[in-house]
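Asker: Quick one: this structure, given as structure tokens, is what I'll be asking you about.
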Amino acid sequence: MFQRILIANRGEIALRVIRTAREMGIECVAVYSDFDKKALHVRMAHVAVPLGGNLPSESYLVAEKVIAAAKQTGAQAIHPGYGFLSENARFARAVTEAGLVWIGPPPEAIEAMGDKIKSRRRMKDAGVPVVPGLVDPVEDARAALAAAETIGYPIALKAAAGGGGKGIRIVRDAAGMEGAFRTASGEARSSFGDGRLYLERYLDRPRHIEVQLLFDRHGHGVHFGVRECSIQRRHQKLLEECPSVVIDDATREAMGAVALRAGAAVGYQNAGTVEFLWSNGKFYFLEMNTRLQVEHPVTEMVTGVDLVREQLRVAAGEPLGYEQGAIRWTGWAIEVRLNAEDPINKFLPSTGTIHNLRMPGGPWVRLDLGLYRNMEVGVNYDPMLAKVIVWGADRAQAIQRMRRALQELNVGGVRTSAPAALAVLEDERFQQGDFDTHFLEKLDLSRARGDLDELVAAAAAIYRHRIARQRALETSSSERAAWLARSRSALSNHVAGAARREGGGA
Amino acid sequence: MKYFVSVNGREHAVELVERLGQLVVAVDGKTLDLSYEEVDDLGQVIVMRDGKSYGLSIEGDAARVQVTLAGHLYDIALEDERERAAHAADRAQGKGGGVLTAVMPGVVVEVLVAPGARVTKGEPILILSAMKMQNEIGAPADGIVKEVLVASGQAVAAGAKLVVLTPAEGG
């Protein structure tokens, strides 16, 4: 096992990895941008190396700086977390070439799955079901319009290279194609340097179901069952659960087997997730995320397996040491992401300085966070601040527990997605399992309960009244200070004048 | 003092009267049995109503306040009588048009209109990139583009003026 590893990330995921590594007696090297010099991951690591720069492109995304930091501190391996360089095959290769261990899949597997078009082709060949759509990406809206006729609306536009919801748009009819293509292609170009998009049929009442995989370096793999991530907006997940109300044991095993086949087809190693769209009892391959995912904790809570520990073990060359039959699922887990965004105002990004922070606690509540008081939330980094994860004996209990946890939570200084998640959890359709990936988009989030309106309106008016009174007091005290200053200067002029007169007299 | 308080879009009239050092609170003409106490100077507040205690978190300024109560967010706009009259007069004169401002900090990716262009409500005017997402910013009302104050590639702060619109003639 490694003695020291470098974590090429920030925020909650850097902390997540540091925590397991510390438990295993492994020392952690953090890296950070100037912007993050006070961040939690810097303070919780054994060693922290500045990368300089404020933007990700000047720091966390500069492969040479990260590798140099690892060499300089004697780290033996690099954990990339998610985002940043985690799905960058060139970086994975450079890490290995520098004599370090890459805690992730082989670069060839990242490449095979990173390009959505190539991966679809490859999956089709491996006998994995895929959604009807284009095999080749298109470069302009005119070509997209032509292709859409054969596939049939509604159409999903997706960046040829990329993920994380960037460069994705849904087009309902031909009239909407041009505008959607322009913004999606623009996003894809600025995020991934490739503006090409590919088209596929958008499925009816789809649910997002994904399978967690783990392969060792000896060709042995297991699946950890499914997660459901249908509560999302613009393909950014908000709430995830493990397992799923629509997946019974037989379907779970069928999906697990298909996912393992998909992983094996690209020679996968380490942790990865195969995402499926599930619609009317059928499931289709969407993509494979060749990294640890944000929502991995729900699987950990239900299986009792620390996936980061497993990542470190298999990266160090250890065999898995267990078979599929050893994986057991107990109870239900839910995760809510706290993003800095305003759910009442179309989920627009919210920026500010964190204060008035109160995090939930109590039985079966887990917090994975990078959040602290006085933290500055800007626009240059991912808006996800923290994750709240709960476990319950069944789904109803997990929902109750998460509602309780979110009621305890308070984040001041920025708005967060928490009230949106609470509205989802309170919705009867969600509680009954009747939802799809459009659920959140359609949910009316301004419809907060009205029974406490009077109380809240009164409190707000009193708050304003007190601010006004405080200002009035400040004004009068500053007026008093000005009066004092004037009288002092008049007095000193008088004294100085008197002194001059006296001096003149001597 | 009378305030017009909009709670998530629902309007209430709140009247505050100081009587013998105590604040008497009436909402929509009904006097409430209510007391207000600050827990700290960060915005944690205890409100007692009819013998029940509620823990609130309040932040904001004079015109815009947000209250969190049991995990729920209440977005609140406040006006006193003088402000309400002034705002009503502004609205009466404005008749559409106005200045389009950035609702969030970001970078202007592309400006889709030029001065003199006629736009209809909701028509995309520019693309603003924030937190790695691109957002189409639409015209708030029908109008004519009078002035474009930003260029593509320019970083803008929240509230920055982007485009000035004049009301559409005869529209």
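First to last, the protein sequences are chains E and U. Whatever position you read off the first sequence (first residue = 1), add 7 for my numbering. Whatever position you read off the second sequence (first residue = 1), add 61 for my numbering. Cβ atoms here follow ideal geometry from the backbone N, Cα and C, with glycine treated the same way. Only a predicted model underlies this, so the values are computations on that prediction, with no experimental measurement involved.
Tell me whether residue 173 of chain U sits in a helix, a strand or coil according to DSSP, three-state version.
Answerer: Looking at residue 173 of chain U - three-state DSSP - the assignment turns out to be coil, as it is neither helix nor strand.
Asker: Could you pull the start and end residues of the beta strand (DSSP E) that residue 341 of chain E belongs to?
Answerer: Note, residue 341 of chain E: beta strand (DSSP E), 339-346.
Asker: Please report how far the alpha carbon of residue 15 of chain E lies from the alpha carbon of residue 89 of chain U, in whole angstroms.
Answerer: Taking the straight line joining both Cα atoms gives about 56 Å.
Asker: Residues of the segment 196-223 of chain E in Cβ contact with chain U at a cutoff of 8 Å, in chain order, please.
Answerer: Within the segment 196-223 of chain E, the residues whose Cβ lies closer than 8 Å to some Cβ of chain U are 197 and 198, listed in chain order.
Asker: In whole angstroms, give me the CA-to-CA distance for residue 360 of chain E and residue 418 of chain E.
Answerer: Answer to the nearest angstrom: the Cα atoms are 10 Å apart.
Asker: Based on the DSSP secondary-structure assignment, which residues constitute the bridge partners of residue 409 of chain E?
Answerer: Paired residue(s): none; residue 409 of chain E is not in a bridge.
Asker: Please identify, using Cβ separations under 8 Å, the residues of the segment 127-151 of chain U that lie next to chain E, in order along the chain.
Answerer: Within the segment 127-151 of chain U, the residues whose Cβ lies closer than 8 Å to some Cβ of chain E are 127, 128, 129, 130, 131, 132, 133, 134, 135, 136, 137 and 139, listed in chain order.
Asker: Going by beta carbon distance, what residues of the same chain come within less than 8 Å of residue 148 of chain U, once the five residues before and after it are set aside?
Answerer: Cβ within range, chain order: 140.
Asker: Looking at the unbroken beta strand (DSSP E) that takes in residue 376 of chain E, where does it start and where does it end?
Answerer: Residue 376 of chain E -> beta strand (DSSP E) spans 372-376.
Asker: Leaving out five residues before and five after residue 542 of chain E in sequence, what residues of the same chain have Cβ atoms less than 8 Å from its Cβ?
Answerer: A question about residue 542 of chain E goes unanswered here, because the residues of chain E that appear run from 8 up to 513.
Asker: Does DSSP put residue 513 of chain E in a helix, in a strand, or in coil?
Answerer: Unreliable placement is indicated for residue 513 of chain E, whose pLDDT of 40 sits below 50; no coordinate value is reported for it.
Asker: Evaluate residue 523 of chain E with the Cβ neighbour count: other Cβ atoms within 10 Å of its Cβ, from every protein chain shown; 16 or more gives buried, anything less gives exposed.
Answerer: Lying before the first or after the last residue shown, residue 523 of chain E is absent from chain E, which here runs from 8 to 513.
Asker: How big is the Cα-Cα spacing for residue 357 of chain E and residue 174 of chain E?
Answerer: Roughly 21 Å separates the two Cα atoms.
Asker: My parser needs the beta strand (DSSP E) runs of 3 or more residues fully inside the segment 78-124 of chain U; what are they?
Answerer: DSSP runs (the beta strand (DSSP E)) wholly in the segment 78-124 of chain U: 83-88, 91-93, 95-99, 105-110 and 113-121.
Asker: Between which two residues does the beta strand (DSSP E) carrying residue 399 of chain E extend?
Answerer: Counting along the chain, the beta strand (DSSP E) containing residue 399 of chain E begins and ends at 391-399.
Asker: Using Cβ-Cβ distances below 8 Å, what residues of the segment 171-205 of chain U are close to chain E?
Answerer: Taking 8 Å as the Cβ-Cβ cut-off against chain E, the residues of the segment 171-205 of chain U that qualify are 171, 185, 188, 190, 191, 192, 193, 194, 195, 196 and 197.
Asker: Check the Cβ of residue 426 of chain E against every Cβ in chain U and list those closer than 7 Å, keeping chain order.
Answerer: Simply 132, 133 and 134.
Asker: What are the start and end residues of the alpha helix (DSSP H) that includes residue 40 of chain E?
Answerer: Neither: residue 40 of chain E is in no alpha helix (DSSP H) and is coded neither H nor E.
Asker: Examine chain U for any beta-carbon lying closer than 7 Å to the beta-carbon of residue 444 of chain E, and answer yes or no.
Answerer: It does not: the Cβ of residue 444 of chain E has no partner Cβ on chain U nearer than 7 Å.
Asker: When you compare only the Cα positions, how much space is there between residue 41 of chain E and residue 61 of chain E?
Answerer: If I take the Cα positions, the gap works out to 5 Å.
Asker: Looking at C-alpha atoms only, which residue of U:146, U:65, U:103 and U:164 is the closest neighbour of residue 219 of chain U?
Answerer: Comparing Cα-Cα distances from residue 219 of chain U to each of U:146, U:65, U:103 and U:164, the minimum goes to U:164.
Asker: Just to confirm before moving on: does the CB-CB distance between residue 206 of chain U and residue 223 of chain U stay below 7 Å?
Answerer: In this structure, residue 223 of chain U does not lie closer than 7 Å to residue 206 of chain U by Cβ.
Asker: Give the range of the beta strand (DSSP E) segment to which residue 7 of chain E is assigned.
Answerer: Residue coverage of chain E in this structure runs from 8 to 513, which leaves residue 7 of chain E outside it and unanswerable.
Asker: Closest by CA to residue 295 of chain E, which one among E:308, E:312, E:429 and E:272?
Answerer: The candidate whose alpha carbon is nearest that of residue 295 of chain E is E:272.
Asker: Which residue wins for smallest C-alpha separation from residue 332 of chain E, given the options E:231, E:184 and E:205?
Answerer: That would be E:231, whose Cα lies nearest to the Cα of residue 332 of chain E.
Asker: For the putative contact between residue 467 of chain E and residue 107 of chain U, defined by C-beta atoms under 8 Å, what is the C-beta separation to the nearest angstrom?
Answerer: Actually they do not touch by this definition, with Cβ atoms about 15 Å apart.
Asker: What do you reckon, are the CB atoms on residue 104 of chain U and residue 429 of chain E nearer than 7 Å?
Answerer: No, they are not a contact pair.
Asker: Measuring straight from C-alpha to C-alpha, what distance separates residue 486 of chain E and residue 479 of chain E?
Answerer: One C-alpha to the other measures close to 11 Å.
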